[in-house]
Structure formats: structure tokens, C-alpha cells
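Comments concern the structure below.
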Amino acid sequence: MPYNEEFDENFSYSITDEYTQYKGMRIDKFLAGVLSDYSRSFIQKLIDDNNIMLSGKPVKSNYKLRESDIININIPEPEFLSIEPEDIPIDIVYEDNDIIVVNKPKGMVVHPAPGHYSGTLVNALLYHCRDSLSSINGVMRPGIVHRIDMNTTGLLVVCKNDIAHRVMADKFKVHDINRVYTAIVYNHFNNDNGTIDKPIARAKNDRKRMAIDINGRNAVTHYNVIASLNNNMSLIECRLETGRTHQIRVHMSSINHPLLGDDVYGPKSKLFNTEGQVLHAGVLGFNHPITGEYMEFHSELPEYFKNILKRLGYE
């Protein structure tokens, strides 16, 4: 399906002929594949808002397709941005007409959400970029093609137009991005490196948490031990093959190495007065969405992270 710049999109798919092999697949997963311009969460919102109908009737995201089903799709015109620009300093690592790479500080939320409608990276970007942010992810997340948690520091790429956004979204979808994180975790390791290949989904008893779930989405994290620290702590690097919500935090906790400071997936106690997980997105590499040139950015560990390392005997 070609992208329609005017967002006047009304069309349908019939689960026959070339789509018959998708029988039994969840409708949201099917549409995430054929509507590659849009994120799965955006598609699920379309379903929730009855903008996607099955043979003229409302449908749920977990509906499994049957032969001869007809999916009717209406993608509404996006709303105008209503989030206020704010003059908040941004640590800009790189910027051109298509993308901007920023170094996010600890405690900053990436985009507005309930409880965080101001002081976010998006508020700051709206002030800095004015009207030059992609609109594909809607009024709350202009320019945002991926995110990191509030208490995770480090590198993010933001898209300044819809063409760059679509290309970058495809790169994240096929895992064509080099992302390396540094973390301090509990306990020493028996092996210096390893791979965690465990699917992740929303926790059934707490929708704010993620959990290992055999029926979840594929999630792969490669880790490498940099050093064994005092207090039975370890300094590690994690390279993401996929990018699920809370992936490193959930994966490391699942092998008895929760992140220091992570009171959601690790011990509730706060060592060194940390606020949230000690996790830094230090390397971000990708081919530029327009020129195709490979670009790789590096961010030094923040001072709070370095101070904890010193207290743990790492110089």
C-alpha cells in the first residue's frame, strides 16, 4: 500500500488469494505487516476507535483471521499538535534537515503521557524544531520513532519529516539499528557473555509491567561483562537485537541479574540513592534515512553513573 500524503485513506483487505496464508494470524499483527508505514500500537488504536472493521463490524486486536474475512480500514486525518513547546535545553549530538540525535538526561520523559504533559523531550523538541517534526506518530509523539525509559539516559534519534520517519521505523522493525547500552547489575557472572532469547509481553496481573511470556513478542538481548565490581555487582554492555518495552530490564532480571536501581524488576531497596535503573544508551548506529550513509554516535556515561562505578571500585 503506497503512503498517502493527504491521509485520506479508506481501503480494505480480503483474506483470500494472496492473503490466504494469513489465516489464523491476529488481525493487529497482520495489519502491522501490510501497513508498514504505521506502528502496531497505532493500528491497535485504530481498532479501539472502530476505524478498523471486520465485514462492517467492530473487531478486537486479538481476533484471528479466517478465510473470506474482509477488513475495512479508515485512517483518519491526524489531529493538530496541541502539546506546548517549552524552552528546555537539549543536548544535541547531531542535527540535519531530516533527523536530530539527542542525549537524553535521567528523569526526562520522552513524550507526553498521563501525568507527564510538560517537561518532556517532545516539549523541548517542539520549541527547538518548531514545525519540523514528523507527524506519523500523532499529536503526543511528533518525531518520536523510538524511546527510552524516563530514568534511562543516552542517545535517541528523532525524525524531522515523515519520509525520514517511515525509513527509520522500517529500520527499527527489521532490527537494522546498532544499539548498545551500559548497565550496572546485581551479582557476578559465571560466563563473560551470553544471549537472552525470551519473548516479552505485558504482565497479565499488572499492565504497567512487562514479563517473559511464551506468547509474547520475540525479544533478544546480547550481553557482555565488562567488569566484576565490589558489592557483588557487575558492569555490562547489552546489544539489542530487538527493542521491546523494558527489554534489558526484564531480560536481565530473568537471569537473576536485575539492574541496580530498578525497583520494578529488581530489589526495592535503593543503593547509592539511585533514582531508577542505572542504564545508559551509549551507542546508536544506523544508515541515514535519506543519504544512506552509515552514522554512529557515542555518548559518555553520565556523572552519576561514573560516581557509582567509583564507589564500586571501578576506575
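Take any residue in the sequence shown, note its place counting from 1, add 1, and you have its number in our numbering. The C-beta atom is built at its ideal place from N, Cα and C for all residues, glycine as well.
Sequence-distant partners of N225 (beyond 5 residues in either direction) whose C-beta falls short of 6 angstroms from its own C-beta, in its chain, are N194, E238. Counting only the Cα atoms, K58 lies some 44 angstroms from V103. Note on geometry: alpha-carbon atoms of Q45 and P200 lie some 20 angstroms from one another. The Cβ neighbour count for N206, taken over all protein chains shown within 10 Å, is under 16; the residue is labelled exposed. Straight through space, the alpha carbons of I72 and K30 are spaced by roughly 13 angstroms.
Relative to the Cα of H281, the nearest Cα in the group I215, Y182, V265 belongs to Y182. A residue is called buried when at least 16 other Cβ atoms come within 10 angstroms of its Cβ; Y95 does not meet this threshold and is exposed.
Contact between the segment 166-184 and the segment 208-217 is absent: fewer than 3 CB-CB pairs across the two stretches fall below 8 angstroms. Excluding the 5 residues flanking it on each side, S255 has same chain C-beta neighbours closer than 8 angstroms at I197, K199, I213, in chain order. Distance from the CA of F306 to the CA of N232, rounded to the nearest whole angstrom, comes to 16 angstroms. Secondary structure note for M296: it is in no alpha helix (DSSP H), and the uninterrupted beta strand (DSSP E) holding it is 295-299. The three-state secondary structure of I28, taken from DSSP, is helix. Under DSSP, K105 shares a beta bridge with G155. Each residue's CA atom was taken as its position, placing H258 and E301 some 23 angstroms apart. Under DSSP, C239 shares a beta bridge with Y182, Y224. Taking a C-beta distance under 8 angstroms as the contact criterion, N124 and E85 qualify as a contact pair. Rounded to whole angstroms, the gap between the alpha carbons of Y295 and N179 is 11 angstroms. Spatial neighbours of L313 in its own chain (CB-CB distance under 7 angstroms, excluding positions within 5 residues in sequence) are listed in chain order as L230, N231, N232, M234.
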